[in-house]
Amino acid sequence: MKIMVAIKRVIDYAVKIRVKPDKSGVETKNVKMSMNPFCEIALEEALRIKESGMASEVVAVSMGPTQCVDTLRTGLAMGADRGIHVEATGALLPLSVARLLRALVEVEEPGLLILGKQAIDDDCNQTGQMVAGLLNWPQGTFASK
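Each residue of the sequence shown is one higher than the last, beginning at 157 in our numbering.
Here you go:
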């Protein structure tokens, strides 16, 4: 079984955020970015499943600007077998991400798709439910074991 894990690049959780001077959002220039902690937990679980022999491959997926490749490299260093970067400029809304994930699932055909429960930058907690609905797949939310 192949497992696909969505990972998001966010402002590092230890960084004190600053609002842009024009109040249009959070300043991201010259700010340390890292993998969303909940995505890291999802990737770790996928790797545990693989280590137990129930999966043959773990594929990390990230969407966004070119810098997301750094986040994918972190996922590969953790043990993911492959990384897929979907380059996108501008903000990606949860429904857009869900549609992109659906397209990737249709091509890659994983047996399991794992997402972190939410991203620490927007706290939306919508993408997992949306992609499950688009794929007509059952879903488990807020799973801890």
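C-beta atoms are modelled at their ideal positions from N, C-alpha and C, and glycine is treated no differently.
Annotation for Pro-250: Cys-280, Gln-282, Thr-283 and Met-286 place their beta carbon closer than 7 angstroms to its own, counting only its chain and skipping 5 residues before and after.
Residue pairing for Leu-256: DSSP places it in no beta bridge.
Nearest C-alpha to Thr-184 among Cys-195, Val-171, Asn-192 and Phe-194: Val-171. For Ala-170, no beta strand (DSSP E) run applies, since DSSP gives it neither H nor E. Ser-218 sits buried, since 16 or more C-beta atoms from the chains shown fall within 10 Å of its C-beta.
Just measuring C-alpha positions, the residue of Lys-206, Met-157 and Gln-223 sitting nearest Ile-167 is Gln-223.
Only buried fits Asn-192, as 16 or more other CB atoms lie within 10 angstroms of its CB. According to the DSSP assignment, Arg-204 belongs to the alpha helix (DSSP H) that extends over 193-207.
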